[in-house]
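Listed in order, the protein sequences are those of chains A and B.
Residue 206 in the numbering used here sits at position 206 of the first sequence, and the numbers go up by one each step.
Numbers in the numbering used here are just positions in the second sequence, counted from 1, shifted up by 337.
For every residue, glycine included, the Cβ atom is placed at its ideal position computed from N, Cα and C.
The next block holds one structure in the form of structure tokens; read it before the comments.
Protein chains: 2
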Amino acid sequence: MITIYDLAKKTGFSSTTVSKALNDYPDVSKKTKQAIIDTAAEMGYLPNAHAQSLSTKKSWTIGVMFSESNGVGMRHPFFSGVIESFRKHAEKEGYDLILASRNLRNRGTSYLEHFLYRGVDGIMVICSDPKDPQVQEMINSSIPIVVIDMSNQDCSVVFSDNLSGGELAINYLYSLGHTKIAHIAGDHTIYAGKVRIKGYIDAMKKRNLPVPESYLVNGGLFSIQEGALAMEKLLDLADPPTAVFVAGDHMAIGAMETAKTKGLSIPEDLSIIGYDDIEMASYVTPKLTTIKQDTDQIGVRATQLLMKQIIQKKKIVTEEIIPVTLMERESCKRLEK
Amino acid sequence: MITIYDLAKKTGFSSTTVSKALNDYPDVSKKTKQAIIDTAAEMGYLPNAHAQSLSTKKSWTIGVMFSESNGVGMRHPFFSGVIESFRKHAEKEGYDLILASRNLRNRGTSYLEHFLYRGVDGIMVICSDPKDPQVQEMINSSIPIVVIDMSNQDCSVVFSDNLSGGELAINYLYSLGHTKIAHIAGDHTIYAGKVRIKGYIDAMKKRNLPVPESYLVNGGLFSIQEGALAMEKLLDLADPPTAVFVAGDHMAIGAMETAKTKGLSIPEDLSIIGYDDIEMASYVTPKLTTIKQDTDQIGVRATQLLMKQIIQKKKIVTEEIIPVTLMERESCKRLEK
DNA sequence: AACATCAACGAAAGCGCTTTCGATCCAGAG
DNA sequence: CTCTGGATCGAAAGCGCTTTCGTTGATGTT
Numbered sequence: 001m002i003t004i005y006d007l008a009k010k011t012g013f014s015s016t017t018v019s020k021a022l023n024d025y026p027d028v029s030k031k032t033k034q035a036i037i038d039t040a041a042e043m044g045y046l047p048n049a050h051a052q053s054l055s056t057k058k059s060w061t062i063g064v065m066f067s068e069s070n071g072v073g074m075r076h077p078f079f080s081g082v083i084e085s086f087r088k089h090a091e092k093e094g095y096d097l098i099l100a101s102r103n104l105r106n107r108g109t110s111y112l113e114h115f116l117y118r119g120v121d122g123i124m125v126i127c128s129d130p131k132d133p134q135v136q137e138m139i140n141s142s143i144p145i146v147v148i149d150m151s152n153q154d155c156s157v158v159f160s161d162n163l164s165g166g167e168l169a170i171n172y173l174y175s176l177g178h179t180k181i182a183h184i185a186g187d188h189t190i191y192a193g194k195v196r197i198k199g200y201i202d203a204m205k206k207r208n209l210p211v212p213e214s215y216l217v218n219g220g221l222f223s224i225q226e227g228a229l230a231m232e233k234l235l236d237l238a239d240p241p242t243a244v245f246v247a248g249d250h251m252a253i254g255a256m257e258t259a260k261t262k263g264l265s266i267p268e269d270l271s272i273i274g275y276d277d278i279e280m281a282s283y284v285t286p287k288l289t290t291i292k293q294d295t296d297q298i299g300v301r302a303t304q305l306l307m308k309q310i311i312q313k314k315k316i317v318t319e320e321i322i323p324v325t326l327m328e329r330e331s332c333k334r335l336e337k
Numbered sequence: 338m339i340t341i342y343d344l345a346k347k348t349g350f351s352s353t354t355v356s357k358a359l360n361d362y363p364d365v366s367k368k369t370k371q372a373i374i375d376t377a378a379e380m381g382y383l384p385n386a387h388a389q390s391l392s393t394k395k396s397w398t399i400g401v402m403f404s405e406s407n408g409v410g411m412r413h414p415f416f417s418g419v420i421e422s423f424r425k426h427a428e429k430e431g432y433d434l435i436l437a438s439r440n441l442r443n444r445g446t447s448y449l450e451h452f453l454y455r456g457v458d459g460i461m462v463i464c465s466d467p468k469d470p471q472v473q474e475m476i477n478s479s480i481p482i483v484v485i486d487m488s489n490q491d492c493s494v495v496f497s498d499n500l501s502g503g504e505l506a507i508n509y510l511y512s513l514g515h516t517k518i519a520h521i522a523g524d525h526t527i528y529a530g531k532v533r534i535k536g537y538i539d540a541m542k543k544r545n546l547p548v549p550e551s552y553l554v555n556g557g558l559f560s561i562q563e564g565a566l567a568m569e570k571l572l573d574l575a576d577p578p579t580a581v582f583v584a585g586d587h588m589a590i591g592a593m594e595t596a597k598t599k600g601l602s603i604p605e606d607l608s609i610i611g612y613d614d615i616e617m618a619s620y621v622t623p624k625l626t627t628i629k630q631d632t633d634q635i636g637v638r639a640t641q642l643l644m645k646q647i648i649q650k651k652k653i654v655t656e657e658i659i660p661v662t663l664m665e666r667e668s669c670k671r672l673e674k
């Protein structure tokens, strides 16, 4: 590894001047600057990030943490979509992402401690559980942070407009003549799940549609299997719904599966609308009508918010709500009277 | 931020002793060791990773790079699956992953340079193009590296058994009575694509099955759209196949789409078998029969291989081939004579 | 000629930690 | 009583870089 001292020796200047030249300080003449840069290139010099960070207290890294409540981690399309978008944009600003582990080489430490240890300049969290203590700890610290997919009073957050997502779905279903509309919900412990429930209820009430208790069934942690189970409950009802708004595409796909198994055809016998617009939604049969979350946009807004805090060196608390859109496909149909 | 000097002052020992106590050196008495550890906990001491790395030349990080030839990046289920598995296991060993960007804050540098700059202890690459110059540069360097999804003579690689994957597929199709079997291939520039072609041809020849040139159609970069296009070509043939082995699930799903569009029903009129076993495969209609790549296993083997190199401090060149399995679902059917 | 100004450069301290090499002290050996 | 060896501890250098502050010499001013 070659250092600025090697460059200093080679060029005849001091290490100070070399450093300054490399960082484009104004008090170095154009000529020596060029000479230094040239021999740096020639000798294959690369700065040492650790030394730099140690001395400047800036690491040009961002810590990324995602909760794995359901064990899928990065494998979930929403997560990987957001992270990928975030990565692309953070990259443009010069930052690398570091996916941190919880365990600091056998000393049992928290995520916050780990990120502090790593000296990241900021943290990006994708977490759906507003009261995860690990996340709370990070939020309460003084490090810049942006959290995605949940609401919070104490930091920058960005999430989809879950409320009007529900409105959008119900409105659409209603416009197709449905009035008996059920909701397969995400667990209340999950922020998005909770809000989508509210969106559903609000929209239903607004139209004076009945919301029997039995029409609101908990789909748990958004998995296909849980969606399938939830749909069974709905179908066993004495007065089953003609349409169901499902809080996640995976669950919706599971729901469609059971419907099919039970001999119902979609959308003829039952309309279904999902949430997320994962890739799969476009390729199941029938193609799933769904509320699209804009993972790209979420990623860019999150980046912007984080950059702003890093630059201003102070936390800013704000909510950035990303609009959702209805993707009209094949799983919903006008109700024939 | 509190340092070992703070601990030294507080406990009355020297910073040397503090450091040794924290690192469990043998020449510190049990008593002072405990005292130091206690006040460290009490004062909320956290080591500074940059200082540590600077002094030890070990960063406990692994650089991760994936080629984005098709622009999907981490969004592709195979990629995210492997990375997630790798992350989990690397974590257990105490390593963090760093997803690096190409541009080192405006100086245009290569991935290798970037990883060198960051001082990673090893590199993990997911790349399908054996002659990507960036990847070659990393392989030729002296840093420990493991590459996934391609073959190479000069480093550790781990990839699926693409050859017997083809064998498996053709064998299955043949056992169902098919003899006119086509292949929608991945581009030859992509290692997996090339080998799967060979697997297809070998298996066909082994059974004395004809392989007309028209039966081998290039599906490009494994996208759904390209799969759909490829299938069109196949269907336009004077003597179309009764079964097609597709080199990737996305392409297979695209292929099924066109088949359906053209009024063919699967598997009645045409059997299709894919490759990957992405989640979607289980939920399209009909459920896609496919060759499953074991992303989990790939991740763990990659971790092991990399750890070994890091510990031994020398590159080891080897090929680790992960077995694939046939996931029999609904998209293939016995050929009625 | 005396002075102020400015451009260009370097000495040195500091970032937080590790590690080598001594120094010190005390128990037990001779 | 002297000597040896082991157990504990610390001084100091070093990792590679940044940044403050001072020095030097050249230029322009009056």
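- Task: In angstroms with no decimal places, state the Cα-to-Cα distance between B:Y382 and A:N48.
- Result: 25 Å
- Could you tell me whether any Cβ in chain B is nearer than 9 Å to the Cβ of A:E113? yes
- Using a C-beta to C-beta distance shorter than 9 Å, which residues of chain A count as neighbours of B:G600? Simply none; closest approach about 15 Å.
- Do the region 358–378 of chain B and the region 408–416 of chain B meet, that is, are 3 or more Cβ pairs less than 8 Å apart? no
- Query: Are the beta-carbon atoms belonging to B:Q641 and B:G459 less than 9 Å from one another?
  - Reply: no
- Message: Using CA atoms only, rank isn't needed, just tell me which of A:K10, A:G108 and A:S85 is closest to A:I126.
- Response: A:S85
- Query: Straight-line CA distance for B:V532 to B:N499?
  - Reply: 6 Å
- Task: Would you decide whether B:T354 is buried or exposed? Buried here means 16 or more other CB atoms lie within 10 Å of its CB.
- Result: buried
- Task: Quick one: using the 10 Å Cβ neighbour count with 16 as the cut-off for buried, is A:H188 buried or exposed?
- Result: Under this definition A:H188 is an exposed residue.
- Message: Does the CB of A:V284 have a neighbour CB from chain B at under 9 Å?
- Response: yes
- From A:P26, A:H114, A:L237 and A:T258, residue whose alpha carbon lies closest to that of A:I181: A:L237
- Message: Taking the beta strand (DSSP E) that A:Y275 belongs to, which residues open and close that run?
- Response: Segment S271 to D276, the beta strand (DSSP E) holding A:Y275.
- Of the choices A:P133, A:S151, A:T109 and A:D27, whose alpha-carbon is the least far from that of A:T318? A:S151
- Message: Any heavy atom of the ligand FMN inside 8 Å of the beta-carbon of B:M461?
- Response: In the structure shown, the ligand FMN is absent, as is every other ligand, since no ligand is present at all.
- Using DSSP bridges, identify the partner residues of A:I62. A:L97 and A:G122
- Message: Can you tell me whether B:S619 is helix, strand or coil according to DSSP?
- Response: helix
- For A:Y117, decide whether its Cβ has a neighbour in chain B, counting only Cβ atoms nearer than 9 Å. yes
- Query: Would you say A:V217 and A:H183 are within 9 Å of each other, going by their C-beta atoms?
  - Reply: yes
- Between B:L676 and B:L572, is the Cβ-Cβ spacing less than 9 Å? Lying before the first or after the last residue shown, residue 676 of chain B is absent from chain B, which here runs from 338 to 674.
- Please report how far the alpha carbon of B:I590 lies from the alpha carbon of B:A565, in whole angstroms. The straight-line gap from Cα to Cα measures roughly 8 Å.
- Message: Distance check for A:E213 and A:M204, CA to CA, integer angstroms please.
- Response: 13 Å
- Query: Bridge partners of A:N185, per DSSP?
  - Reply: Note that residue 185 of chain A is Ala in the sequence shown here, rather than Asn. Bridge partners of A:A185: A:N218.
- Message: Is B:D631 close to chain A? Criterion is C-beta to C-beta, closer than 9 Å.
- Response: no
- Message: Is it buried or exposed, B:S366, if we count other Cβ atoms within 10 angstroms and call 16 or more buried?
- Response: exposed
- Item | Contact with chain A by B:G410, beta-carbon distance below 9 Å | yes
- Query: How would you list, in chain order, the residues of chain B whose beta-carbon sits under 9 Å from the beta-carbon of A:I98?
  - Reply: T398, D433, L434, I435 and L436
- Task: Show which residues of chain A have a CB atom less than 8 Å away from the CB atom of B:G418.
- Result: R75
- Of the residues A:A281, A:N171, A:M124 and A:S128, the one placed nearest A:S160, counting alpha carbons only: A:S128
- Item | Limits of the unbroken beta strand (DSSP E) element including B:F350 | Careful: B:F350 lies outside any beta strand (DSSP E) and carries neither H nor E.
- Message: Is there a Cβ of chain A sitting closer than 9 Å to that of B:E421, yes or no?
- Response: yes
- Item | Beta-carbon proximity check, A:G186 vs A:M251, cutoff 9 Å | yes
- Query: Since A:M43 meets chain B, which of its residues come closer than 9 Å, beta carbon to beta carbon?
  - Reply: Neighbours of A:M43 on chain B: none; closest Cβ ~13 Å, over 9 Å.
- Message: For A:L197 and B:D361, what's the separation of their Cα atoms in angstroms?
- Response: Per the sequence shown, the amino acid found at residue 197 of chain A is Ile instead of Leu. The alpha-carbon atoms of A:I197 and B:D361 are separated by roughly 53 Å.
- Endpoints, the alpha helix (DSSP H) within which A:I83 is located: Run containing A:I83: P77 to K92, per the alpha helix (DSSP H) assignment.
- Run of the beta strand (DSSP E) containing B:L323, from where it starts to where it stops: Because chain B in this structure spans residues 338 to 674, residue 323 of chain B falls outside the shown range and cannot be described.
- Message: In whole angstroms, give me the CA-to-CA distance for A:T258 and A:I298.
- Response: 32 Å
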